[in-house]
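Enquirer: Can you keep this structure in mind? I'll have questions shortly.
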Ligand SMILES: NC(=O)c1ccc[n+]([C@@H]2O[C@H](COP(=O)([O-])OP(=O)(O)OC[C@H]3O[C@@H](n4cnc5c(N)ncnc54)[C@H](O)[C@@H]3O)[C@@H](O)[C@H]2O)c1
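Residue numbers (the working numbering): 1483 to 1722.
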């Protein structure tokens, strides 16, 4: 079950934004049907393009009649040895993970500034404890977490709370990551995750393990929490 689906089931009104229009449209339609036409819409955005970020947020505010929160989960992963990462791949990694995060945070700022709100960005444990072949991903997620702390400090005076979550949950990104590994490396990844995840499963479940934490972090129940990198990872990393 997707994050959007669980949030919508709790009555949250949502605009889903992604670059994969077919998937985004069908998720929005499915949720609308299941939740008896909850207020939900899909909008295309390429988060690497600032004008698209501004336009999609403007459209979302029009549709929703206001804005309380941004959950910015768009992300890119790719594997390569640090010494051979191509410039084009480096650009893609930094564009999606860093510039995309900054552009979307900037786009919602004018709307949240007037009455406060919450932003959740997505970091990664691998920023501080990288796996092999993920140096560029690690660098990009470290930057996301630094940016999150910086804007939490700058925007706190407007009542805007900004946190990062560091998940370890099964998603298409994890499937894609593992599909690109040699069989031996998949086995190595299993051993690493089995060793490191204290709670005994390799990855958590989006609906059960991640979404309740997202719901907490966007709600007033977490009104005294900002600027944090919050691991939701079964104990994968115990220090950050
Ligand atoms: N799943 C995990 O365990 C895990 C661990 C650490 C960090 N993360 C981070 O959590 C976030 C969500 O990851 P996920 O596992 O759901 O991955 P996912 O690949 O399933 O979802 C990422 C989404 O980002 C979208 N996207 C990519 N480039 C985009 C662009 N230019 N514009 C708009 N959308 C774009 C993709 O289409 C995809 O729907 C990511 O930032 C990821 O790096 C996930």
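Glycine included, each C-beta is placed from N, C-alpha and C at the ideal position.
1. Express the C-alpha separation of residue 1658 and residue 1606 in angstroms, rounding to a whole number.
2. Tell me whether the beta-carbon of residue 1589 lies closer than 8 Å to the beta-carbon of residue 1645.
3. List in chain order: all unbroken beta strand (DSSP E) runs of 3+ residues lying wholly within the region 1515 to 1571.
4. Alpha carbons only, please: which of 1595, 1633, 1581 and 1678 is nearest the one belonging to residue 1612?
5. Going by DSSP, which residues form a beta bridge with residue 1604?
6. Cutting at 6 Å between CB atoms, please list the residues of its own chain near residue 1649, excluding the five before and the five after it.
7. Straight-line CA distance for residue 1542 to residue 1491?
8. Shorter than 7 Å, the distance from the beta carbon of residue 1585 to the closest heavy atom of ligand 1, or not?
9. Output the distance between the C-alpha atoms of residue 1704 and residue 1665, rounded to the nearest integer angstrom.
10. What is the rounded straight-line gap between the Cα of residue 1609 and the Cα of residue 1616?
11. Contact between the region 1498 to 1507 and the region 1518 to 1531 is defined here as three or more beta-carbon pairs at a separation below 8 Å; is this criterion met?
12. Cβ of residue 1669 less than 8 Å from any chain B Cβ?
Expert: Judging by the given coordinates:
1. Sequence index remark: in the chain shown, residue 1606 carries index 124 (1-based). Sequence index remark: in the chain shown, residue 1658 carries index 176 (1-based). Taking the straight line joining both Cα atoms gives about 16 Å.
2. To locate residue 1589, count along the chain shown from 1; it is residue 107. To locate residue 1645, count along the chain shown from 1; it is residue 163. No; because the gap between Cβ atoms is not below 8 Å, this pair is not in contact.
3. Listed in chain order, they are 1522 to 1526 and 1551 to 1554.
4. By one-based count along the chain shown, residue 1612 stands at place 130. Taking only the C-alpha atoms, the option nearest residue 1612 is 1678.
5. Here residue 1604 refers to the residue found at position 122 when the chain shown is read from its first residue. DSSP, once it has assigned bridges, lists 1647 as partnering residue 1604.
6. Here the question's residue 1649 lines up with position 167 in the chain shown. Apart from the 5 residues on each side of it in sequence, residue 1649 sits with its Cβ closer than 6 Å to the Cβ of 1692 and 1714 in its chain, given in chain order.
7. Here residue 1542 refers to the residue found at position 60 of the chain shown. Here residue 1491 refers to the residue found at position 9 of the chain shown. C-alpha separation (whole angstroms): 19 Å.
8. The residue you call residue 1585 lines up with position 103 of the chain shown. A distance criterion of 7 Å places the beta-carbon of residue 1585 beyond contact range of ligand 1, judged by its closest non-hydrogen atom.
9. Within the chain shown, residue 1704 is the residue found at index 222, counting from 1. Within the chain shown, residue 1665 is the residue found at index 183, counting from 1. Cα to Cα, the separation comes out at about 42 Å.
10. Along the chain shown, read from residue 1 onward, the residue named residue 1609 stands at position 127. Along the chain shown, read from residue 1 onward, the residue named residue 1616 stands at position 134. For residue 1609 and residue 1616, the distance between alpha carbons rounds to 9 Å.
11. The answer is yes - the region 1518 to 1531 touches the region 1498 to 1507, with three or more Cβ pairs under 8 Å.
12. Absence of chain B from the displayed structure is noted, only one protein chain being present.
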